[in-house]
Every structure is written in C-alpha cells, then in structure tokens.
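Student:
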Amino acid sequence: MRTLVCRTDPRKPSAKAVDAAADAIMNGRLVVFPTETVYGIGANAFDEDACRKIYEVKGRASDNPLIVHVQNVDDALKLGRISKEHVAVLEHIWPGPLTVIVKSRGILPGTVTAGLRSVAIRCPEGKFIQELLKRTGLPIAAPSANISAKPSSTKGEHAIGYFKGKVDVIIDGGESYYGIESTIFDLRSLRILRPGAFTPEQIEKAFGKRPILGKLAEGTASAGHVISPGTKYKHYSPETPLFVYAGDMKDMRSMLETFGSKAAFIGSTESCSLLKGTGLRLLSLGPSDNAQERVHRLFDKLIELDSFGVDFGVIEAFPAKGLGYAAMNRLRKASSHRSFSNIKQLQELLEQV
Ligand code: TXA
Ligand code: MG
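When you read off a place in the sequence shown, starting at 1, and then add 1, the result is the number in the numbering used here.
#1: Just to check my reading of the structure: residue 270 and residue 285 have Cβ atoms closer than 8 angstroms, yes? What is that Cβ distance to the nearest angstrom?
#2: Residue 135 to residue 72, Cα distance in whole Å?
#3: Measure the C-alpha to C-alpha separation of residue 350 and residue 235 and round it to an integer number of angstroms.
#4: Which residues share a DSSP beta bridge with residue 41?
#5: Using the DSSP secondary-structure output, state which residues sit across from residue 246 in a beta bridge.
#6: Quick one: Cα of residue 244 to Cα of residue 302, how far?
#7: Grouping DSSP H, G and I as helix and E and B as strand, with all else coil, what is residue 287?
#8: Ordered along the chain, which non-local residues of its own chain (more than five positions away) have a Cβ less than 8 angstroms from that of residue 264?
#9: DSSP on residue 236, reduced to helix/strand/coil?
#10: Can residue 144 be considered in contact with ligand 1, in the sense that its beta carbon sits closer than 7 angstroms to one or more heavy atoms?
#11: For the candidate residues 247, 110, 317 and 36, whose alpha-carbon lies nearest to that of residue 131?
#12: Please tell me whether residue 100 and residue 123 are closer than 8 angstroms, where the distance is taken between their beta carbons.
#13: Taking residue 195 as part of the beta strand (DSSP E), name the residues at either end of that continuous run.
#14: For residue 55, I'd like the list of residues in its chain whose CB is within less than 8 angstroms of its CB, leaving aside the five on either flank, ordered along the chain.
#15: Kindly indicate which residue of 174, 84, 320 and 93 has the alpha-carbon position closest to the one of residue 33.
#16: Tell whether a beta-carbon distance below 8 angstroms holds between residue 198 and residue 183.
#17: What does the alpha-carbon distance come out to for the pair residue 318 and residue 266?
#18: Does DSSP classify residue 266 as helix, strand or coil?
#19: Figure out for me which residue from 63, 148 and 57 has the closest Cα to the Cα of residue 240.
#20: Ignore the nearest five residues each way along the sequence and tell me which others in residue 333's own chain have a CB closer than 6 angstroms to its CB.
#21: Is residue 13 helix, strand or coil when you go by DSSP?
#22: Excluding the five sequence neighbours on either side, which residues of its own chain have a C-beta within less than 7 angstroms of the C-beta of residue 63, listed in chain order?
#23: Is it buried or exposed, residue 128, if we count other Cβ atoms within 10 angstroms and call 16 or more buried?
#24: If you draw a straight line from the C-alpha of residue 58 to the C-alpha of residue 168, how long is it?
#25: Within 10 angstroms of its Cβ, does residue 354 collect 16 or more other Cβ (buried), or is it exposed?
#26: Just how far apart, CA to CA, sit residue 17 and residue 75?
#27: Starting from residue 334, follow the alpha helix (DSSP H) in both directions and report where the run begins and ends.
#28: Would you kindly report the start and end of the unbroken alpha helix (DSSP H) that includes residue 171?
#29: Is residue 35 near ligand 1, with its Cβ less than 7 angstroms from a heavy atom?
#30: I'd like to check one pair, residue 109 with residue 23: are the Cβ atoms closer than 8 angstroms?
#31: The alpha helix (DSSP H) that contains residue 79, what's its start and end?
#32: What three-state label does DSSP hand residue 225 in the structure shown?
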C-alpha cells in the first residue's frame, strides 16, 4: 500500500494535513496521527470494517477494545452514560490526557468495544486530533500507534517505522508532548486501570477522591487479570532484554563496567555521567529533577536501545510518584518484571536470558 506521509506542526496543523487525514477517515481508511500523549492509529468509530483493519495492522488481539476519541463532553454523552457529577468534572479537565471507562450506550460496533458493556472515551487536547474530530464530525477509534507488544510511537519517525506501507495516511507531527499514554480511569469504580499522563494526584484534585490504585495500576497484576483487557498482553517491550535497576546509583559503575559496549544504560543525565568512560552505551533521558522530560523520552530510548545490538539494557527506576508512577508501570512491563538491586541479582537475571 502507498502511504501518504504528511509533515505538520502539531500546534498549528496545516490544512493539507487535516484534509488528507479527514478524507481518509471519512472513506473508511486508517490514519496515524499525533496526539498530546502518543501517536494513535485511527478510524471512524462507527465503521466496523475500518476498525477491524486497526486490529489487523497492529496485530492486536480482538478482545482488546479501542479508545474512542471525541471532541467534547456532549459527544462523549452520546456514546456512554456519565453521571451529572462526573460530567461537571470532565467539563473542567477535558480536553486532556484522561480516558474514562463508562457504561456504553451500545451504539458503537462490537469491534470497537470488543463486545464489552463499557466503553473507553477520551477527549484529547492535541491540536491536530481536535481539528480532525471537528472536520470529520465523527468519533475516532484509535489505539496507540505501535505494533502490539512494542513501545508506543512518540515521534513521527517511530510511527513511520511501524506503519509505512500499512496505512493510508501518516501525519508526522514531530515529538509528542507527554510521550506517555493517557490515564485510563474507570468512572464506575474510581479505579485507575492504567496510569498515564494525568497523574493520580491530578485525579484526586479533580474528583475530590483518591483514585483506587492496585496491582493493575502498578503493572504487577497477573497475566490472567481481565478488568482491563489490554493488561494481560505483553507491552512496551524492546527486543533487547531489559532490567530495571532499583538500587543506589553509586554502585552501578562497578556492576556494569565489565560489560563495556555489550550493555546499555538508560537513565538520568547525572546517572549517565557516572558511567562515562566505561564503554557502556549510554542513553540519557534528561535531568533527574525533571520527571516530565525523562518520561517524555522514555519510549524513544526504549526504541533506540534495539539499534545498538547489545546483549542487554539496564534502566534506572523512576521515583513512583506523579508521572514517575506511570513510567514505572511501563518499565515493569517492558522489562518483563525483571529488576535487580545488586550484582548477584543481575547475574541471576543474565543466566536466564
Ligand atoms: O494516550 C492514549 O490513550 C493513546 C492515544 C492514541 O489516545 N491511546 C492508547 O490506546 O494508548 P491503547 O489501545 O494502546 O490503550 C487503551 C487501553 C487498552 O489497554 C484497552 O484494553 C483499554 O484501554 N480499554 C479500552 N476499552 C476498555 C474498556 N471498556 N474497559 C477497560 N479497558 C479498556
Ligand atoms: Mg497501546
């Protein structure tokens, strides 16, 4: 398939890019586009055949439902049932990176909701997707733009790498603002099913109640867990074996230096500086006092890790608060729950790969 790749500034989308994307969506075709969180691969949510193609192209299991993107709260109310009290909160915080799970009105095809009685609705802030929603007047079903199990795209070049030749249009809008997916919040139980760019602290402030966090939000729920269908599948994984380091950074150099160019380290600028001269491949996420910047680069560095051909990678743990809470969820999954805090544990992990 010939893919039209269109570059645009995501803060000031060109008419050409919006037209090309809207034309494809209205004609049952797939478009990869930037949002403020990560790139999405979208189709008209009312078009069952187009939505089925999303699953095919991503290699996504058919029981893993899609998020439906809408322009505003009124459009959300056409698709799902939301209490007056929650409508008032959503009016306040949308558009933004919070997806809510609500009872479905049953008007969307079963392909989108994977046959569930609930639906995931998100009103994104990204200027491009807002324009696209306005232009088409349609709800747009869109999961993250990655091949299943791989890290999400946070740059146009990631999306092009995954989907050129497989979708009709790719809108390259440069780097995503957050670089991590939206938070998935079940409004029926006030439980976070997937932490993301809207932090637990922000939810508490907006809803006046502390959200329920648990094994799902942590990313430690067992594979059979089905409250959020997506959580039972492999996620965010580079090809290179990845281990999370949760110990003191001052011990890192002596543990890793013998591996030299056979290993890579992903961490803050300060932590990378401690490893200079070891021959290790160093991937800096940004300053340790700027969690937003480090989270923003996380998927990019996980994708870059695979370009080195190293035997394994080590990534420094994030402090588990604010955006770091969501980052740790992704890291637990990306590393297949392999973490260490001393050399003995690292050796045990290496014996298993
Ligand atoms: O930031 C984002 O959320 C991006 C952009 C493109 O909007 N989208 C995204 O979609 O990350 P996706 O499909 O990669 O993740 C959506 C998650 C999946 O794990 C899915 O299982 C869950 O939402 N989900 C969808 N509908 C659900 C439902 N009715 N109940 C529980 N979980 C649901
Ligand atoms: Mg995804």
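The beta-carbon is built from N, C-alpha and C at its ideal position, and this holds for glycine as well.
Tutor: So, to answer that:
#1: 5 angstroms
#2: Going from the Cα of residue 135 to the Cα of residue 72 covers about 7 angstroms.
#3: 19 angstroms
#4: 34 and 145
#5: Paired residue(s): 317 and 341.
#6: 14 angstroms
#7: strand
#8: 257, 281, 282, 311, 312, 313, 314 and 315
#9: In the three-state DSSP reduction, residue 236 falls in the coil class, being neither helix nor strand.
#10: yes
#11: 36
#12: yes
#13: Residues 192-195.
#14: 31, 42, 43, 44, 61, 67, 142, 143 and 144
#15: 174
#16: yes
#17: Their Cα atoms are separated by approximately 12 angstroms.
#18: strand
#19: 148
#20: 220
#21: strand
#22: 56 and 115
#23: buried
#24: The straight-line gap from Cα to Cα measures roughly 8 angstroms.
#25: exposed
#26: 28 angstroms
#27: 324-335
#28: Premise fails: residue 171 lies in the beta strand (DSSP E), 170-173, not in any alpha helix (DSSP H).
#29: no
#30: no
#31: From DSSP, the alpha helix (DSSP H) with residue 79 extends over 74-80.
#32: In this prediction, residue 225 scores a pLDDT of 47, lower than 50, which makes its location untrustworthy; the coordinate-derived value is nonetheless stated afterwards. DSSP places residue 225 in coil when its eight states are reduced to three.
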